[in-house]
Amino acid sequence: MKRVTVSGAVLEQEIFNVAPNTKNVKGAVPKPLTERTAEEKEKYNLKQALKRFIRIVNHNFSPAAYYVTNTFDDAHLPQDFKAARRVLDNYIRRLQYAFPGMVAVAVMGRGKRSGRIHIHCIISGVDEKTIREKWTHGKIKRIEPLREHNFYNGVDHGRDYTALATYLFNHWTPEQGSGKRWKQTKTIQQPDRKKPTFPKRRYSLDKPPVTPKGYMLVEKRESAHYLGGYLLFKYVKIPPPAPAATTKMLC
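Numbering of the sequence shown is given in the working numbering, commencing with residue 190 and proceeding in unit increments.
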């Protein structure tokens, strides 16, 4: 089967097999191997959660959004993540009251050196002044628009925020509990995942699907962790030329 998922500027084509007795073919998904250890299952679930988060970030945000780092001063430093979550919830609520249609995702973490709890957000639909004013528990350490050009190994992927999403996702620590690794507003839109179709030919890493018009192929990989095998082909919309002053950083 071939399934196409569009997340903002990123398009993915997944190639996978289904069992002959599958009844709901259009609802089929890649099935992981049945013989797995508990550790392998945990790693698989973690990868799936990361994939969902990356797609959400790519689908909902653009350079019109802000990447924000919220820090706590000594007077408001929460004792644990449960207390920090209440502060985060109230902060998002205040932003929503000012801008009802705003869109945001947020994660919590600890500084590697200081050990202090902090918050990272991606916020769209709110101006910079309001983002700063509604945070009353410390300082906004960082606030900047998302990049128009994101470079991976020297290649411009345009509005592909995979690296930023991965960085935020990895802020989770076991002490935060077993709940979701991130907070998202109800205004978040889900990626456009097409119904699986039967491919017209066999694909391989050497013989990928035809690149969709306006996109370029930037990644292809194979996994043996699924029943019958699994191929992934990732494309990004061809970005406009980057300004000469754009720093070609690895994202």
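Each residue gets a CB set at the ideal place from its N, CA and C atoms; glycine is no exception. Just so it is clear, the structure is predicted and the values come from calculations on it, not from any experiment.
Subject >> Among Cys-310, Ser-303, Arg-391, the one whose alpha carbon lies nearest that of Ala-293 >> reply: Here residue 293 refers to the residue found at position 104 of the sequence shown. Here the closest residue by C-alpha is Cys-310.
Subject >> Three-state class that DSSP yields for Asn-247 in the structure shown >> reply: Taking the first residue of the sequence shown as 1, we reach residue 247 at position 58. Correct three-state label for Asn-247: helix.
Original post:
Which of the three DSSP states, helix, strand or coil, is assigned to Lys-232?
Top reply: One-based indexing of the sequence shown puts residue 232 at position 43. It is helical.
Subject >> Minimum C-alpha distance to Arg-283 - residue among Tyr-424, Pro-401, Ala-431, Trp-324 >> reply: Working through the sequence shown from its first residue, we reach residue 283 at position 94. Arg-283 has its Cα closest to that of Trp-324, out of Tyr-424, Pro-401, Ala-431, Trp-324.
Original post:
Within this structure, are the beta carbons of Ile-308 and Met-291 separated by less than 8 Å?
Top reply: Here residue 308 corresponds to residue number 119 of the sequence shown, with the count starting at 1. Here residue 291 corresponds to residue number 102 of the sequence shown, with the count starting at 1. Going by C-beta atoms, Ile-308 is not nearer than 8 Å to Met-291.
**OP:** Taking only runs that begin and end inside the region 321-401, name each unbroken alpha helix (DSSP H) of 4 or more residues, in chain order.
**Re:** 351-358
**OP:** Check each candidate in Phe-358, Pro-398, Lys-396, Gly-403 and name the one with the smallest Cα separation from Gln-237.
**Re:** Position 48 of the sequence shown, counting from 1, holds the residue named residue 237. Among Phe-358, Pro-398, Lys-396, Gly-403, the Cα nearest to that of Gln-237 belongs to Phe-358.
Original post:
Which one of Gly-300, Tyr-350, Tyr-280 has the shortest CA to CA distance from Thr-319?
Top reply: For the purposes of this step, residue 319 is taken as residue 130 along the sequence shown, with counting starting at 1. Here the closest residue by C-alpha is Tyr-280.
**OP:** To the nearest angstrom, report how far apart Tyr-424 and Ala-264 are at their CA atoms.
**Re:** Position 235 of the sequence shown, counting from 1, holds the residue named residue 424. Position 75 of the sequence shown, counting from 1, holds the residue named residue 264. Tyr-424 and Ala-264: Cα-Cα distance of roughly 47 Å.
Subject >> Alpha-carbon spacing of Ala-254 relative to Thr-226, whole angstroms >> reply: As a working mapping, residue 254 is identified with position 65 in the sequence shown. As a working mapping, residue 226 is identified with position 37 in the sequence shown. The alpha-carbon atoms of Ala-254 and Thr-226 are separated by roughly 41 Å.
Original post:
Buried or exposed: where does Met-438 fall if 16 or more other Cβ atoms within 10 Å of its Cβ makes it buried?
Top reply: Translated into positions along the sequence shown, residue 438 becomes position 249. Confidence at Met-438 is low in this model, with a pLDDT of 43, below 50, so its placement is unreliable and the value that follows should be read with caution. With fewer than 16 Cβ atoms within 10 Å of its Cβ, Met-438 is classed as exposed.
**OP:** Give the DSSP bridge partners of Gln-202, in chain order.
**Re:** Locating residue 202 in the sequence shown gives position 13, counting from the first residue. Val-193, Phe-422.
Original post:
Can you tell me the Cα-Cα spacing of Gly-314 and Val-218, whole angstroms?
Top reply: By one-based count along the sequence shown, residue 314 stands at place 125. By one-based count along the sequence shown, residue 218 stands at place 29. Each residue's alpha carbon lies about 34 Å from the other.
**OP:** Taking only the alpha-carbon atoms, compute the straight-line gap between Asn-342 and Asp-395 and give it to the nearest angstrom.
**Re:** Here residue 342 refers to the residue found at position 153 of the sequence shown. Here residue 395 refers to the residue found at position 206 of the sequence shown. Straight-line Cα distance between these residues: approximately 21 Å.
**OP:** Report yes if the C-beta distance between His-248 and Pro-388 is below 8 Å; otherwise report no.
**Re:** For the purposes of this step, residue 248 is identified with residue 59 of the sequence shown, where counting begins at 1. For the purposes of this step, residue 388 is identified with residue 199 of the sequence shown, where counting begins at 1. Taking 8 Å as the Cβ cut-off, His-248 and Pro-388 do not qualify as a contacting pair.
Original post:
What residue does the alpha helix (DSSP H) around Lys-271 start on, and which one ends it?
Top reply: Residue 271 sits at position 82 when you count from the first residue of the sequence shown. From DSSP, the alpha helix (DSSP H) with Lys-271 extends over 270-287.
Original post:
If you draw a straight line from the C-alpha of Glu-187 to the C-alpha of Pro-397, how long is it?
Top reply: Residue 187 falls outside the range modelled here, since the chain spans only 190 to 440, and no answer is possible.
Original post:
Count the other CB atoms within 10 Å of the CB of Gly-298; is the residue buried (16 or more) or exposed (fewer)?
Top reply: Here residue 298 corresponds to residue number 109 of the sequence shown, with the count starting at 1. It is buried - the Cβ of Gly-298 has at least 16 other Cβ atoms within 10 Å.
Original post:
Distance, Cα to Cα, Ser-196 vs Trp-371?
Top reply: For this step, residue 196 is matched to residue 7 along the sequence shown. For this step, residue 371 is matched to residue 182 along the sequence shown. In a straight line, the C-alpha of Ser-196 is about 18 Å away from that of Trp-371.
**OP:** Measure the CB-CB distance between Glu-333 and Tyr-392 and report whether it falls below 8 Å.
**Re:** Working through the sequence shown from its first residue, we reach residue 333 at position 144. Working through the sequence shown from its first residue, we reach residue 392 at position 203. No. Outside cutoff.
Original post:
Of the residues Thr-386, Gly-403, Arg-331, His-338, which one's Cα is nearest the Cα of Ala-433?
Top reply: Translated into the one-based positions of the sequence shown, residue 433 becomes position 244. That would be His-338, whose Cα lies nearest to the Cα of Ala-433.
**OP:** Check whether the Cβ atoms of Tyr-233 and Pro-252 lie closer than 8 Å to each other.
**Re:** Translated into positions along the sequence shown, residue 233 becomes position 44. Translated into positions along the sequence shown, residue 252 becomes position 63. In this structure, Pro-252 does not lie closer than 8 Å to Tyr-233 by Cβ.
Subject >> CA nearest to the CA of Asp-349, picked from Arg-410, Tyr-404, Arg-192, Asp-278 >> reply: Reading the sequence shown from its first residue, position 160 is the one you call residue 349. Of the listed residues, the one whose Cα sits closest to Asp-349 is Tyr-404.
Original post:
Can you name the start and end residues of the beta strand (DSSP E) that Met-405 belongs to?
Top reply: For the purposes of this step, residue 405 is identified with residue 216 of the sequence shown, where counting begins at 1. First-last of the beta strand (DSSP E) with Met-405: 404-412.
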